[in-house]
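Position one of the sequence shown corresponds to residue 1228 (the numbering used here), numbered consecutively onward.
Where is the CB? At the ideal position from N, CA and C, for every residue including glycine.
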Amino acid sequence: MTGPRDEYRPAAPLRPVLRTRESAYAYECRACGRCCHDKLIPVNPYEIARLAANRGLSTTELIERFTEEGVALAVGDDGACLFLGERGCEVHPDRPLVCRLYPLGAVTDPEGRELFVELEAQPGSEGRAGADGTVAAYLQAQGVAPYLEMAHRYRETVEKLVRALALGTGAAEAAATLRGSVDGADARVLDVDLALAGLERRGLPLPQRVEDRVRLHISVLEAEIPSLSA
Ligand code: SF4
């Protein structure tokens, strides 16, 4: 069961501390699972492809069964993420970026600098924050590098698509299309397996590795750009 998105509680309050990768920081997760409740966990096509591979599903099936319209993880009636099992996160090696960063969040300041904010802990959480490490070491331990790279690449591609749409159809329609994608009305373009199925039907061999499939998906999206702006 999934709940309507407006039932999600707002994100936890932010502590007014901005950190860089060099800042002192440490966090010990004790896998109590409390942080996996009442959260809006956004997912991009790379994260969906990783989760789908973990579960042995196509991205289309994963989107249908475990997400809110392909843009955020679905939750159950109790507010718990559908991947939270009795022994913790059942997709831990392939959990999304937000789960890896938590309780940090990545932000970009007006000058384009990468910064990190800290979220208030979920009430009752057994996790412990400290200062005997650095943000950089924490990020490395959480394996965020490919997630940050793919998030950046999809953001760039979507921005290009929107600019092309604005040229081809007018700014108002482009904005409406972007809203549609973000809200899920046209989230099918972000379904990796669906997007690649057309290539397969034409007899083109498809890569098996998630990273290679995702890079091909980005190429497919970018190939649309000239026709949109024509
Ligand atoms: S994907 Fe895993 S870590 Fe993230 S909210 Fe769900 S159960 Fe928790």
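Here's the rule: buried if 16 or more other CB atoms are within 10 angstroms of the residue's CB, otherwise exposed. What is GLY1260? Against the sequence shown, residue 1260 aligns to sequence position 33. Buried, since its Cβ has 16 or more Cβ neighbours within 10 Å.
So, with DSSP's three-state summary, where would you put LEU1342? Working through the sequence shown from its first residue, we reach residue 1342 at position 115. Strand.
So is ASP1321 buried or exposed if we call it buried at 16+ other beta carbons inside 10 Å? What you label residue 1321 is simply residue 94 of the sequence shown in a count that begins at 1. The residue is buried, with at least 16 neighbouring Cβ atoms inside 10 Å.
For LEU1331, three-class secondary structure by DSSP: Position 104 of the sequence shown holds residue 1331. Of the three classes helix, strand and coil, the one that applies to LEU1331 here is strand, per DSSP.
Could you check if ARG1390 belongs to the surroundings of ligand 1, using beta carbon to heavy atom distance under 6 Å? Here residue 1390 refers to the residue found at position 163 when the sequence shown is read from its first residue. No, Cβ of ARG1390 sits at least 6 Å from all heavy atoms of ligand 1.
One or two residues paired with LEU1245 in a DSSP bridge: On the sequence shown, residue 1245 is found 18 positions in, with the first residue counted as 1. Answer by DSSP bridge pairing, in chain order: VAL1344.
How many angstroms separate the CA atom of THR1335 from the CA atom of HIS1379? Here residue 1335 refers to the residue found at position 108 when the sequence shown is read from its first residue. Here residue 1379 refers to the residue found at position 152 when the sequence shown is read from its first residue. Distance between the alpha carbons of THR1335 and HIS1379: 12 Å.
Specify the secondary structure class of VAL1302 as computed by DSSP and reduced to three states. Position 75 of the sequence shown, counting from 1, holds the residue named residue 1302. VAL1302: strand per DSSP, three-state reduction.
Roughly how many angstroms separate the alpha carbons of ARG1246 and ASP1265, rounded to a whole number? Here the question's residue 1246 lines up with position 19 in the sequence shown. Here the question's residue 1265 lines up with position 38 in the sequence shown. In a straight line, the C-alpha of ARG1246 is about 25 Å away from that of ASP1265.
Which residues bound the alpha helix (DSSP H) around GLY1297? Residue mapping note: residue 1297 aligns to position 70 of the sequence shown, counting from 1. First-last for GLY1297: undefined, no H or E at that position.
8 Å CB neighbourhood of LEU1375 in its chain, flanking five on each side removed: As a working mapping, residue 1375 is identified with position 148 in the sequence shown. If we look at LEU1375 and ignore the five residues flanking it on each side, its Cβ neighbours are LEU1324 and ALA1333.
How would you write the range of the beta strand (DSSP E) that ARG1277 sits in, first residue to last? As a first step, residue 1277 is located in the sequence shown; it is residue number 50 there, counting from the start. Run containing ARG1277: none in the beta strand (DSSP E); it sits in the alpha helix (DSSP H), 1272-1282.
Could you give the distance in angstroms between the alpha-carbon of LEU1300 and the alpha-carbon of ARG1436? Position 73 of the sequence shown, counted from the first residue, corresponds to residue 1300. Position 209 of the sequence shown, counted from the first residue, corresponds to residue 1436. Computed Cα separation, rounded: 23 Å.
From GLY1430 to ALA1279, what does the alpha carbon distance come to, in whole angstroms? Numbered from its first residue, the sequence shown carries residue 1430 at position 203. Numbered from its first residue, the sequence shown carries residue 1279 at position 52. Computed Cα separation, rounded: 23 Å.
Can you list every residue whose CB sits closer than 5 Å to some heavy atom of ligand 1, going in chain order? CYS1263, CYS1308, PHE1310, LEU1311, CYS1316, ARG1322 and CYS1326
Check the C-beta distance from GLY1360 over to TYR1252 and give it rounded, since I have them as a contact under 8 Å. The residue given as residue 1360 occupies position 133 in the sequence shown. The residue given as residue 1252 occupies position 25 in the sequence shown. With a Cβ gap of about 6 Å, GLY1360 and TYR1252 count as contacting.
Grab me the residues of ASP1463's own chain with a C-beta within less than 6 Å of its C-beta, minus the 5 sequence neighbours each way, in chain order. Because the chain here runs from 1228 to 1457, residue 1463 falls outside it and cannot be looked at.
By the three-class DSSP mapping on this structure, what secondary structure does GLU1255 have? The sequence position of residue 1255 within the sequence shown is 28, counting from 1. DSSP places GLU1255 in strand when its eight states are reduced to three.
Test item: CB-CB of LEU1309 and GLY1315 under 7 Å: On the sequence shown, position 82 is the one that residue 1309 refers to. On the sequence shown, position 88 is the one that residue 1315 refers to. No, the pair does not count as a contact, with Cβ atoms beyond the cut-off.
Just the C-alpha distance for ALA1276 and VAL1441, rounded to the nearest angstrom, thanks. Looking up residue 1276 in the sequence shown gives position 49. Looking up residue 1441 in the sequence shown gives position 214. When rounded, the distance between both Cα atoms is 8 Å.
Output the boundary residues of the beta strand (DSSP E) element that contains ALA1356. Indexing the sequence shown from 1 puts residue 1356 at position 129. Run containing ALA1356: 1355-1361, per the beta strand (DSSP E) assignment.
Can you tell me where the alpha helix (DSSP H) with ARG1440 in it begins and where it stops? As a first step, residue 1440 is located in the sequence shown; it is residue number 213 there, counting from the start. From DSSP, the alpha helix (DSSP H) with ARG1440 extends over 1437-1450.
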